[in-house]
Amino acid sequence: MIRLALRTLRLRAGGFVASFVALLFGATIVMACGGLMETGIRTAIAPQRLAAAPIVVTGDQASGAKGAGSDLPERVRIDTGLVDTIQALPGVAAAVPDVSVPTTLLHNGTVGAPSTGHGWSSARLAPYTLTAGTAPSADTDVVADASLGVRVGDEVRLAVAGGAQDFRVVGLAQAKTADPATMFFTDDEAQTLLRKPGKVDSIGVLTTPGTNVDALDQKLTSVLSGHNAVALTGDDRGQAEIAGAVNGGDNLVALAGVFGGLAIAIAIFVVGATLGLSIQLRQRELALLRAIAATPNQVRRMIMAEVIAVAVLATGLAYFPGQAAGRWLTGQMGANGVISPAIQFHQGWIPTISAIGIGLLTAVLAGFIAANRAARAKPTDALAEASVQQHWLGWLRLTAAIACLGGGTALAIVTATVMAGPVAASTAGPSAILWACALALLGPGICRLCTAAFRWPLRSFTGVAGYLAILNAKATKVRLAGAVVPIMLATGMAIAMIYLQTTSVADAESAYASSLRADAVVASSTGGLPVNFVDTVRRTPGVAAASAFASTTGYLTDKTFDDPSSKHHQAPDVNDYPVQGITANAAAQTTAITVTRGNLADLTGDTIALPTGIADDQNVQLGQTMAIRLGDGALVNPRIVALLSGQRGYDTILMPADLVIPHLTSGLLPQILVTATPGTSPAQLTANLAALAANEPGLVVENRTILAAQFADHQQTSEWINYLLVAMIVGYAVIALVNTLVMTTNRRRGEFALHRLVGSTNRQILRMVGVEGLLIALSGLVLGTGIGVAVLVPFGLAADGSPVPHGPWWVYVAVAIGAVVLSLGATLLPTMAALRTPAVASAD
Amino acid sequence: MNAEIVRLRDVVKIYGNRRTGVRALDGVTIGFREGSFTAVMGPSGSGKSTFLHCAAGLDRPSSGSVLLAEQELNGLSERKLTELRRERIGFVFQAFNLLPALTVLENVTLPLRLAGRGPKRAAVLDVLARVGLDGKVNRRPSELSGGQQQRVAIARALITRPAVVFGDEPTGALDTGTSREVLGLLRETVRQAGLTVVMVTHDPVAAAYADRVVFLADGRFVGELLDPTVAGVAERMTQLGERRMPVRGGVA
């Protein structure tokens, strides 16, 4: 049987190309996802500047945000006192504190490339070696990386810690591994510039020869417990250099899981469908086998052997594109901010073997379905002409279709009535998949309706070609459905997912923009502004009000499902909310926030202003004191001075900038919102503010749209993932579509020959086939648009009250053109090929 | 007189719904003796093909019984039926007899392989020599003429030394000359091996090669001819066609 299977494969290679491509595509994605998952789990960020320290102690970014599902966004710093504690441990040669301060070289007022400054003693952690000059000894001394383009003895001006200071280059240093944009101050000066007394970023632990690193690591872990610090070894050490990189790792694992899972599910369908079709085309051959000698089991085994042979080849070959795809995706995700660009792609044997296993399993599952159908082939079919399949609606299919329709409807209702704001996408997305499944299951029936609907317009425009095409479509609705369903799937998913994305971004941006009333934004290109710079801006001519604007994340314990009995069993859930640090006396003029109770002017000292929704969830009142964790995990206890109304789903917590800024990684103010006095033109305001740059190098003045653009940038992350998902689904649909159309068109050679023998010209046949292709594209497009409407209308109602989605119209046009071009190409090209042989030769 | 190797009793086959469906076979009772060569004839739609499917165990009758080499086919599982076909029955169809992926030799030995028996090369070559294909052992079906393809099908039907060979218009797709060759071959090889042949055909020339011709009309047997001649068969067929004409006219 195996031999027969292999023989058949060799002779009918064409019939298996589609299954092969679908499997190759699926296995490639699964393999890439496996690699991404391993990459995410390892989050290997090779240490560079700290490479010489076998162990690095740094802040525990996971502390404080436990239960929120991601790490703290701001750097958690550790106590300087830990240096002595670690130094005292046996096996430790030296415990070297390390701090990082953003610095920028200034050349006659112009801003150079950003670099980072550290204390000189941490130079041995790379290690850096002096190539010229001496180590820094005075507060104004600096040693620069040799590649920064400065020479020993140069006087340089640096933008650092929110201001500009003069230094003298006393030495040049070089390291093999580290980022070249590096400078060293004296340890004291570095600590001063950090402006965090008693805190350091990390501690590099150098060991005495012969020390067991693992044992020391364990020892350190117990010493560090309770200090919000962790000891890192190996490739984890890079996390100490780039805080926040781990977050991306978690993203990656979740993403890879979702992607891989979806790829497998679709692969089973597509491979199942392509195999099913190729078996349908071989119906007579299988029936002959059954008639003369083969038991149903033998036929089943033969088909399985064919499938497995194809699958082994496809999954094995997927290793190469899988590696490349994983690498490419990791790079793209780094570039698009999904993960830290520092994370290195890793694919060991485990994801490779599992992906091959999963690919084979997928094929076996799909093959099993197809083989069962093949085994049911009636032996008498060998004696008759292959019959047209008319029966398609079994009870199982009907039940599944009704279940999907019901699910889709339920989700649509939930989306429109229960959901609010951006979370509505979490029910709208799955409803798209359910609608698509329902329509796919009911495909042949729906195709008949579509044919009936398009009958008159197509016939009146296309004459005899349309007449024949409609007759063909009616006679072969099952075959037609095989082509319409992939088009519906591709157009429906593309329309739903893309407009879902553009609508939520547009809504988020407009909600964000409407919360701002500023005329201009003052920002810095050199790391940030000093906190008191708000006053300087306020005193500038033409400025009516200036407010600090510092964004971070706040963490609140979820009290919505507070159940005292379960409290001791598990850590409570923690929700993260956007927090803005602002200036109390200018908030009313620079933002459009509506205060429902209390007064924003009281937002000074340890205070907070909460959106009413969050206040309700947290069960707190105006005037009460509450606990909130800030971006660096620090717990603060502000008093509630105001309650705010805001669009549900876009809530932002307000706190005084003075309270928020010390908890940012930079410790500096990122932006200042400015409103102009009446009568001051925007150009005048911008000019006045730009003049401040004389004392504040790196100062930039922007239009307020920059804020919305920055905000949109954050949304890009999920946007990119969404589009990747669409691309994958469309890719599969295209494979299924081209396969179906090419295979069925090839099978119609005899029919075309008959047409020619009774007097059709090649042109007429091409026209007939073209009309059929058009019918397929239009039917698929109408159904796909239906899916889009069914998904987007409830989502629009939930997100912004309008059923019309936001987004560029050309997306829809592009989808429509793509569908038409693809289906016409996949029908006309094989037809042309078929027409090239003489009619008599192919009429047999 | 030899014993009957195939026996049908009150076989009814209805396609579709039991009440409104088409009665393709309407109570057929007939037997075929061992070593005989029978042609089954009838106008289009008389139930010839259905009769062959039911007699050969390719399809199950709606009611009635089929005995094949003393084995009741009713109630046999699909696997048992297949095994019975593989061991006791040979088939020659009108067209599409051969698997395109396999060579002549492989097509001929396929039933043996599927049965898990290794074909004896000498026996295979002997069968191929008998049908005159000893030089084309490694050809693919697409490289053979229609007549040669039918010879391969006959060789395959003979290889398992079956009790009965069923033919469904085995010369329907061939020209007259080739047709005669193939039929002559069928008759000779069958005689030599002592096999039974049941052949459905609508061609009086083909039917005249048989020892006995039975006629089907509207799902029933309506007569038989022993030691038939072409003219005799043709005349009987014309009568059958005329008998049906008024019915058609009445419907129209």
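As you go down the protein sequences, you meet chains A and B in turn. Going by this note's numbering, the first sequence opens with residue 1, and the numbers climb by one from there. Going by this note's numbering, the second sequence opens with residue 845, and the numbers climb by one from there. Virtual Cβ for every residue (Gly too), placed ideally from N, Cα, C.
Roughly how many whole angstroms lie between the Cα atoms of residue i and residue j?
i: E922(B); j: V299(A); result: 12 Å
i: G447(A); j: V364(A); result: Sequence inspection shows Cys at residue 447(A); the Gly mentioned does not correspond to that position. Looking at the two C-alpha atoms, the distance is approximately 30 Å.
i: M768(A); j: L449(A); result: 20 Å
i: I849(B); j: A913(B); result: 5 Å
i: A799(A); j: S504(A); result: 7 Å
i: K857(B); j: G960(B); result: 33 Å
i: S645(A); j: L654(A); result: 12 Å
i: L252(A); j: I498(A); result: 21 Å
i: T652(A); j: V579(A); result: 6 Å
i: P486(A); j: V464(A); result: 28 Å
i: T590(A); j: A657(A); result: 14 Å
i: S566(A); j: D617(A); result: Residue confidence is low: S566(A) scores 48 on pLDDT, short of 50, so the model does not pin down where it sits. Its coordinate-derived value is still stated next. So the alpha carbons of these two residues sit roughly 18 Å apart.
i: G153(A); j: P97(A); result: 28 Å
i: P114(A); j: L158(A); result: 10 Å
i: V142(A); j: V99(A); result: 15 Å
i: K176(A); j: H118(A); result: 17 Å
i: T110(A); j: Y128(A); result: 29 Å
i: S779(A); j: V791(A); result: 19 Å
i: D632(A); j: A325(A); result: 35 Å
i: T785(A); j: I495(A); result: 7 Å
i: K892(B); j: A816(A); result: 53 Å
So is residue i in contact with chain B if we call contact Cβ pairs under 9 Å?
i: V388(A); result: Any reading at V388(A) needs caution, since the residue's pLDDT is 48, under 50, leaving its predicted position unreliable; the model's value is listed next. No, because no Cβ of chain B sits closer than 9 Å to the Cβ of V388(A).
i: K378(A); result: yes
Please confirm if residue i has its CB atom under 9 Å from at least one CB of chain A.
i: N941(B); result: yes
i: T926(B); result: yes
i: R932(B); result: no
i: A967(B); result: no
i: R1005(B); result: no
i: F937(B); result: yes
i: L958(B); result: yes
i: H1046(B); result: no
i: D854(B); result: no
i: L1104(B); result: In the structure as shown, chain B begins at 845 and stops at 1096. Residue 1104(B) is therefore absent and cannot be evaluated.
i: L988(B); result: no
i: R867(B); result: no
i: E916(B); result: no
i: P963(B); result: no
i: P955(B); result: yes
i: R995(B); result: no
Thinking residue i and residue j are a contact (beta carbons under 8 Å), I'd like their distance in whole angstroms, please.
i: V534(A); j: A546(A); result: 5 Å
i: R1080(B); j: F1059(B); result: 6 Å
i: I672(A); j: V522(A); result: 4 Å
i: A483(A); j: L741(A); result: 5 Å
Could you please give me the residues that DSSP links to residue i through a beta bridge?
i: S907(B); result: V856(B)
i: N575(A); result: L556(A)
i: P102(A); result: T116(A)
i: P97(A); result: I203(A)
i: T1004(B); result: Answer is none; T1004(B) lacks a bridge partner.
i: T110(A); result: H107(A)
Please return the same chain residues whose Cβ sits closer than 7 Å to the Cβ of residue i, not counting the five positions on each side in sequence.
i: Y859(B); result: G865, V866, A868
i: L329(A); result: A32, L36
i: Q915(B); result: L928
i: A690(A); result: V701
Suppose the cutoff is 6 Å on Cβ atoms and the five residues either side in sequence are ignored; what does the same chain contact list for residue i look like?
i: A997(B); result: V936, N941
i: Q501(A); result: E719, N722
i: A867(A); result: Nothing can be reported for residue 867(A): it is not among the residues displayed for chain A, which extend from 1 to 844.
Within the same chain, show all residues whose beta-carbon is closer than 8 Å to that of residue i, passing over the 5 residues directly before and after it, in chain order.
i: D903(B); result: K857, T894, H897
i: P887(B); result: H1046, A1061, M1081, L1084, G1085, R1088
Any heavy atom of the ligand GTP closer than 8 Å to the CB of residue i?
i: T1082(B); result: Ligands displayed in this structure: none; no statement on the ligand GTP is therefore possible.
query = Which residues, taken in chain order from the region 283-298 of chain A, show a beta carbon closer than 8 Å to some beta carbon of chain C?
reply = In summary, chain C is missing from the structure at hand, where the protein chains are A and B.
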